[in-house]
Amino acid sequence: MKHHRPPLFLILALAFSVNAQNEEQRSAARTLRQVVDFHRRQVGHEGAYLWTYSADLTKQEGEGKANKTSGWTQPPGSPFVGEAFLKAWRLSGERDCRDAAVEIAHALVRSQLQSGGWASHFDLGPDGARRYRYRAARGKSGGRNLTTFDDDKSQSALLLLMHVDEELRFQDAKIHEAVGYALEHMLAAQYPNGAWPQQYDAPPDPADHPVKPAAYPKTWSRVYPKQRYVGYYTLNDNNMSNIIDMLLEAHRIYRRADCRAAALKTGDFFILAQMPDPQPGWAQQYNREMHPAWARKFEPAAITGGESQAVMKSLVSLCRQTGEDRFLEPLPRALAYYRKSQLANGQLARFYELRTNKPLYFTKDYQLTYSDADMPTHYSFKTGSNLDSIERAYQKALKMKPGDFKPDHRAVTREKLRGSLAGRAQRAIRSLDARGAWVERGRLRYHGDDDDTDRIISMRTFAKELATIAAFVGATP
């Protein structure tokens with residue numbers, strides 16, 4: 012696989028002399044190494060990380076209970092933790108942080124499916140080899156082989172592998188090969204119209220997926236039809252927006268024109284998927300007829316006020332990065348429609364009924380209703396409005412000139428040594444326990460009401476505080 016050699020963050024690390032650090036920074040560096048060592052040896056398992064752990068490390072979970080040898084791909088699982096370690100390396104120059112990120116990358120190589128991506132969960136123990144069809148098993152496993160894009164799972168896993176590959180100057184053969192394999196198989200999973208499934212295990216048959224614009228069905232069921240939906244054209248949880256970001260990052264790092272083309276083709280699908288009047292927005296998922304369709308029992312065939320905002324942001328981003336103004340064409344009609352559809356409190360409904368545009372909700376026993384009086388609490392049936400910021404980004408994109416169009420890439424840079432940074436770092440250090448863990452009040456969500464855990468280790472908190480200490484360690488005068 013061809014690749015582009017960017018400037019190394021290692022140059023920054025070497026350029027920052029240890030002698031330039033004050034004693035407080037050197038002490039913080041020792042603490043940083045302790046934190047990294049504790050989490051590598053005691054919290055994670057050979058690079059596999061979950062979301063939350065009991066403070067005594069006897070229980071752990073992602074989006075469900077898990078054993079000690081398990082990892083989760085959905086943030087804040089293994090890829091999220093790996094990006095946190097990588098950021099800490101770039102901020103501090105502490106090699107232990109980079110090594111921890113590399114370890115996670117190797118865990119993802121070991122858990123890569125033969126279909127090219129990753130499942131929600133993986134297990135580096137014997138159970139994993141029986142449960143999943145890992146590439147590492149070399150075809151010996153007959154387990155689950157569904158690559159999932161749901162909730163930024165395979166996207167975040169591949170992004171971490173690419174970022175570690177870039178950091179290592181593409182010299183780690185296993186990581187580099189896994190990236191190429193993932194991109195090859197993911198690109199093959201794209202539908203002819205530019206869309207992507209929620210999950211796949213093999214490339215689609217183009218004959219089964221004619222390219223056509225979005226349309227309203229003649230009728231739609233108000234009762235959950237219990238149909239398999241993982242192959243639908245899925246915008247839910249911003250899956251395709253995350254895929255666009257992943258593909259454009261692959262183009263930046265490896266100069267792969269096929270990845271850029273696939274990202275733009277996804278933008279073309281967004282244009283194709285905009286519903287006609289009277290509701291020129293987007294659905295959470297479409298069937299092969301390009302009709303809005305049901306997914307789970309609380310996700311009806313409807314126009315969405317949630318994922319549609321991510322679609323609009325992605326269209327603006329594509330224009331900003333490529334200069335192709337066709338991606339802006341859907342915005343005026345969509346913005347006007349969603350402004351007209353705002354609820355009395357300024358929010359947007361997650362679902363609007365087809366054609367009537369009435370907000371749709373569910374009761375706690377999952378009956379479709381127009382009333383928001385008895386909604387389940389596990390799912391957001393109302394969402395915040397970002398229409399003003401989308402409008403500003405759209406107007407800014409309209410005024411851009413050819414020289415302004417460039418890829419989105421925010422490199423991590425060293426911070427200046429300021430008192431406020433030192434204060435934040437010292438607070439983070441003081442809140443550590445003797446082991447090097449940030450323990451906080453909280454519960455494990457998936458261990459049942461009888462679980463008595465009230466102190467936890469959260470990987471979101473870990474990532475935030477790790478970055479604070481790393482920024483202080485590497486801060487320049």
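Residue numbers for the sequence shown follow our numbering, beginning at 12 and rising by one.
Heads up, the beta-carbon is just placed ideally off N, CA and C, and yes, glycines get one too.
Beta-carbon gap between residue i and residue j smaller than 8 Å
i: Asp48; j: Asp161; result: no
i: Thr158; j: Leu198; result: no
i: Gln296; j: Ala306; result: yes
i: Arg155; j: Arg144; result: yes
i: Gly82; j: Trp62; result: no
i: Val322; j: Ala404; result: no
i: Ala345; j: Ser319; result: yes
i: Ala200; j: Pro214; result: yes
i: Ala116; j: Val175; result: yes
i: Arg109; j: Glu178; result: yes
i: Ser431; j: Gly453; result: no
i: Thr245; j: Pro208; result: yes
i: Asp415; j: Gln332; result: no
i: Arg233; j: Leu379; result: yes
i: Lys79; j: His50; result: no
i: Ser126; j: Asp216; result: no
i: Ser167; j: Thr464; result: no
i: Ala482; j: Leu102; result: yes
i: Leu135; j: Ala118; result: yes
i: Ala77; j: Val120; result: no
i: Ile467; j: Ala39; result: no
Reference residue i, options the options, closest by Cα
i: Arg350; options: Arg299, Cys330, Glu188 and Pro291; result: Pro291
i: Gly58; options: Val92, Pro215 and Asn78; result: Val92
i: Val484; options: Ala445, Arg425 and Arg438; result: Arg425
i: Asp269; options: Pro341, Gly191, Ser325 and Leu135; result: Gly191
i: Trp129; options: Val175, Arg52 and Leu194; result: Leu194
i: Val241; options: Ala304, His262 and Phe280; result: Ala304
i: Leu359; options: Thr394, Ala200, Pro224 and Gly136; result: Thr394
i: Ala261; options: Leu172, Lys407 and Met286; result: Leu172
i: Ser352; options: Ala482, Pro370, Asp415 and Asp288; result: Pro370
i: Val54; options: Thr69, Phe373 and Tyr381; result: Thr69
i: Ile282; options: Arg446, Asp376 and Ala206; result: Ala206
i: Glu451; options: Ile264, Asp67, Leu170 and Asn253; result: Asp67
i: Glu340; options: Gly357, Glu402 and Met301; result: Glu402
i: Lys229; options: His302, Ala448, Arg239 and Ala168; result: His302
i: Gly75; options: Phe392, Ser122 and Phe133; result: Phe133
i: Phe280; options: Glu105, Thr42 and Leu329; result: Leu329
i: Tyr457; options: Leu43, Gln71 and Arg41; result: Gln71
i: His187; options: Pro387, Arg41, Ile264 and Asp219; result: Ile264
i: Lys218; options: Glu300, Pro289 and Lys237; result: Correcting the residue type first, residue 218 is Ala in the shown sequence and not Lys. Minimum Cα distance to Ala218 is reached at Glu300.
Residue i, buried or exposed, once every other Cβ within 10 Å from all chains shown has been counted against 16
i: Gly459; result: exposed
i: Asn250; result: buried
i: Tyr390; result: exposed
i: Ile480; result: buried
i: Phe20; result: Low per-residue confidence applies at Phe20: pLDDT is 46, beneath 50, and the placement is therefore not dependable enough to give any value.
i: Asn204; result: buried
i: Gly257; result: Checking the displayed sequence, the identity of residue 257 turns out to be Met instead of Gly. Answer is buried; the Cβ neighbour count reaches 16.
i: Thr84; result: buried
i: Pro488; result: exposed
i: Asn33; result: exposed
i: Tyr381; result: exposed
i: Lys409; result: For the record, residue 409 in the displayed sequence is Leu; it is not Lys. Exposed.
i: Ala486; result: buried
i: Lys308; result: exposed
i: Gly73; result: buried
i: Ile22; result: Only weak support exists for where Ile22 lies, its pLDDT of 43 falling under 50; the coordinates are left without a value.
i: Ser400; result: exposed
i: Glu310; result: buried
i: Val29; result: Model confidence at Val29 stands at a pLDDT of 45, short of 50, so the residue's coordinates are unreliable and nothing is read from them.
Paired residues, beta bridge with residue i - DSSP
i: Pro303; result: Tyr297
i: Lys427; result: Thr487
i: Leu170; result: Leu170 is not bridged to any residue.
i: Phe373; result: Leu379
i: Glu72; result: Thr63 and Lys76
i: Ser131; result: Looking at the DSSP assignment, Ser131 forms no beta bridge with any residue, so it has no partner.
i: Val234; result: Per DSSP, none; premise fails for Val234.
i: Val450; result: Ile468
i: Arg155; result: Tyr143
i: Gly82; result: Phe133
i: Thr245; result: Gln296
i: Gln210; result: Thr159
i: Ile264; result: For Ile264, which the question treats as bridged, DSSP gives no partner whatsoever.
Contact test: residue i Cβ vs the ligand FAD heavy atom, cutoff 7 Å
i: Gly75; result: Although the ligand FAD was asked about, the structure shown includes no ligands whatsoever.
Could you say if the stretch 97-111 and the stretch 468-478 meet the contact criterion of at least three C-beta pairs nearer than 8 Å?
yes
Flag this pair as touching only if the stretch 307-315 and the stretch 362-377 have three or more C-beta atom pairs under 8 Å; answer yes or no.
yes
Is there contact here, the stretch 433-453 with the stretch 276-283, by at least three beta-carbon pairs under 8 Å?
Taking 8 Å as the limit for Cβ pairs, the verdict is that the stretch 276-283 does not touch the stretch 433-453.
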